[in-house]
Amino acid sequence: MSPPVPRLYRWIVTPLRFAVQAFFRRVEVVGKEEVPMDGCGLLVSWHPNGLVDPGLVLTQFPRQVVFGARHGLFTYPLLGTALRKLGTVPIYRAVDGSGGDPQARRTQNRRSLEALAAEIARGSFAALFPEGISHDAPHLTEIKTGAARLYYRARQLRGDRPPPVILPVGLHYDHKQLFRSNALVAFHPPIELPPELDVTPADDEPEDVERERVKQLTALIESTLREVVHATDDWRLHHLMQRTRRLIRAERARRADANPGRTSIGERVVGFARVRKGYYEMRARDPEGVERLEERVAAYDGDLRALGLEDYDLDRGPPLVRPWLAILLVLQSVAVFLLLPPIIVVGFLVNLPTALLLILVARLSARLEKDEATVKLLLGIVLFPITWTAAAYFATRAHDHLHAMYPALPDVPALAGLSVFVLAALGGAFAIRYLGVARDTARAVRVRLTRRSRWVAVQRLRVERARLHDAILAMSEGLDLPGAVAPDGRIVRR
């Protein structure tokens with residue numbers, strides 16, 4: 001039986017779950033059925049987005065989870081207190097810091113792993129990011145041996161009870177730096193250990209035998225996580241794979257005469273996994289053919305970018321530029337370029353000082369670049385509502401002065417305060433997304449006005465997209481790829 005969840009844990013996780021839902025537009029979770037409801041285990045994941053990563057795991061995992069976190073995070077006053085209340089264990093690494101005794105740090109590291117192992121042994125789940133540090137690469141960085149050593153120590157402490165499992169977790173973001181983007185948390189089946197690794201070490205086991213087993217399990221965890229996170233060699237290849245996913249989806253939808261709608265992050269991840277697996281298997285079989293195909297996709301991608309179009313634009317204009325919806329495009333342009341700017345100006349003026357303060361505090365207090373987003377998130381949840389309330393208060397006081405000067409004005413100061421509060425909040429939210437919305441609207445207008453002059457280029461790209469689609473599918477014929485193709489062109493999980 002798993003240990004009961006402490007009430008304090010629920011009190012902390014519940015508001016954190018609301019904060020995560022507010023920060024992201026949508027959080028999709030798949031694979032909860034892979035999580036054992038009894039027993040214990042170790043969650044392992046890559047680390048692409050600072051403290052947002054453990055925040056997602058903590059709020060989406062269906063059971064209590066104990067984290068090991070870099071010890072420097074405990075020095076932040078509010079964050080350190082919250083981490084301790086959640087039962088988070090500080091992890092000390094021998095390489096941390098410019099001074100100090102490395103041997104002492106290794107001793108502290110062993111104590112940290114011992115504490116996490118004890119939590120697992122008593123029936124809980126612990127989470128660890130084996131890379132040890134967050135990063136911006138499209139692939140895993142070097143995997144440390146801590147996860148493997150923690151697993152085997154937990155097995156020793158479990159004794160004759162069922163051993164813990166190792167559960168890989170995939171964390172995926174469409175735009176991880178942006179507020180109100182989308183995220184996907186994928187819980188994968190526990191790692192199946194080969195017989196030589198599925199053992200409980202003896203207390204008197206030789207050190208060289210232990211070291212070799214830890215090395216092999218670390219390699220297994222690394223290879224599993226590479227598949228889970230869909231790692232690529234570099235960002236250029238990553239972007240070309242995303243372009244391939246989009247062009248195949250658009251061409252399938254055209255041939256099916258279907259409208260599959262917007263791509264969810266769940267479909268995006270499965271579709272990318274499909275392209276990635278096909279790419280590496282085809283490259284091993286026909287490297288020259290794959291290289292030529294890669295060059296064609298790159299040229300197609302460059303032409304689309306130069307025209308400011310997406311794959312679906314080749315078949316139909318953006319929804320608001322169809323001839324029978326031209327009046328809606330005009331109304332959209334009026335709203336975006338005439339009505340929204342005054343609201344955004346209010347939001348900009350009210351929120352700018354707080355935003356600058358957050359940036360300054362984050363840069364001064366965050367010891368790592370990845371921690372800046374976390375500091376902004378935690379402080380922003382508190383400071384921005386205070387800012388809006390303060391603006392509403394000053395608006396109420398200003399209304400009293402204006403009413404004294406101009407008695408004809410309605411004497412409703414509360415309404416003035418409420419209006420400023422709403423405008424400040426909405427204006428701030430609109431300001432975050434305004435540039436993107438304005439860019440999309442301008443592109444819609446441009447596509448409509450210049451579609452005739454670019455008809456030849458669009459027709460050529462449409463033909464090239466079809467040829468690329470056929471070439472890619474022909475080359476990948478016979479491969480066992482993730483997901484399945486729906487009739488309307490979407491990729492769905494099997």
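Numbering-wise, my numbering puts 53 at position 53 of the sequence shown, and it's gapless, one number per residue.
The C-beta atom is built at its ideal place from N, Cα and C for all residues, glycine as well.
These numbers come from a predicted model, not from an experiment.
- Going by C-alpha distance, which of R180, L78 and A147 is nearest R26? R180
- Query: Anyone know if the C-beta pair for S264 and E28 falls short of 8 Å?
  - Reply: The answer is yes: Cβ separation under 8 Å.
- Query: Does the separation of the CB atoms of L364 and L78 fall below 8 Å?
  - Reply: no
- Query: Under a three-way DSSP split, which group does R17 fall into?
  - Reply: helix
- Is F430 helix, strand or coil by DSSP? helix
- Message: Can you give me the C-alpha to C-alpha distance between R110 and A147, rounded to a whole angstrom?
- Response: 12 Å
- Query: Ends of the beta strand (DSSP E) at R122?
  - Reply: Per DSSP, R122 belongs to no beta strand (DSSP E) and is neither H nor E.
- Message: So within the segment 7-52, which uninterrupted alpha helix (DSSP H) runs reach at least 4 residues, ignoring any that extend past its ends?
- Response: Segments of the alpha helix (DSSP H) lying fully in the segment 7-52: 7-23.
- Can you tell me the Cα-Cα spacing of D495 and L247, whole angstroms? Look at the range of the chain in this structure, 1 to 494, and you will see that residue 495 is not part of it.
- Item | 8 Å Cβ cutoff met for V297 and V437 | no
- Query: So, helix, strand or coil for V269, using DSSP?
  - Reply: V269 falls in the helix class under three-state DSSP.
- Just tell me which of H139, P162, Y279 and R245 has its CA closest to the CA of D234. H139
- Message: Using 8 Å as the threshold, is the C-beta distance between T81 and F67 below it?
- Response: No, the pair does not count as a contact, with Cβ atoms beyond the cut-off.
- Query: In terms of DSSP beta bridges, what is V169 paired with?
  - Reply: S45 and F187
- Task: Look at T141 and T218 and say whether their C-beta atoms are less than 8 Å apart.
- Result: no
- Would you mind sorting M37 into buried or exposed? The rule is 16 or more other CB atoms within 10 Å of its CB. exposed
- Message: Do I491 and G271 count as a contact pair if the criterion is CB distance below 8 Å?
- Response: The criterion of a C-beta distance shorter than 8 Å is satisfied by G271 and I491.
- Item | C-beta atoms of L193 and L150 nearer than 8 Å | no
- Under the DSSP definition of a beta bridge, which residues are partnered with V492? A484
- Message: Can you give me the C-alpha to C-alpha distance between W46 and I386, rounded to a whole angstrom?
- Response: Answer to the nearest angstrom: the Cα atoms are 35 Å apart.
- Query: Skipping 5 residues on each side, what residues in its chain have a beta carbon closer than 6 Å to that of Q60?
  - Reply: So the list reads V29 and V185, once near-sequence residues are dropped.
- Query: I think P48 touches L171, with their Cβ atoms under 8 Å apart; what is that distance to the nearest whole Å?
  - Reply: 7 Å
- Query: In terms of residues, what are the limits of the alpha helix (DSSP H) holding V214?
  - Reply: E207 to V229
- DSSP on L461, reduced to helix/strand/coil? helix
- Quick one: is V382 buried, meaning 16 or more other Cβ sit within 10 Å of its Cβ, or exposed? Result: exposed.
- Task: Spatial neighbours of G483 within its chain, please: CB distance less than 8 Å, with the 5 preceding and 5 following residues excluded, ordered by chain position.
- Result: V270, G271, A273, R274, I491, V492, R493 and R494
- Give the DSSP-derived three-state secondary structure of L293 in the structure shown. helix
- Message: Please tell me whether G347 and L423 are closer than 8 Å, where the distance is taken between their beta carbons.
- Response: yes
- What number of angstroms, rounded off, separates the C-alpha of I221 from the C-alpha of L415? 59 Å
- If you draw a straight line from the alpha carbon of L360 to that of T354, how long is it in whole angstroms? 10 Å
- Message: Tell me the rounded alpha-carbon separation between D204 and A154.
- Response: 16 Å
- Quick one: Cα of D488 to Cα of R292, how far? 29 Å
- Item | Beta-bridge pairing of G68 - partner residues as DSSP gives them | V89
- Query: Distance, Cα to Cα, R70 vs N182?
  - Reply: 26 Å
- Cβ pair V228, P168 closer than 8 Å: Yes. Within cutoff.
- What distance in whole Å lies between the Cβ atoms of A126 and I133, which are believed to be in contact at a cut-off of 8 Å? Between I133 and A126, the beta carbon gap of about 18 Å keeps them out of contact (Cβ cut-off 8 Å).
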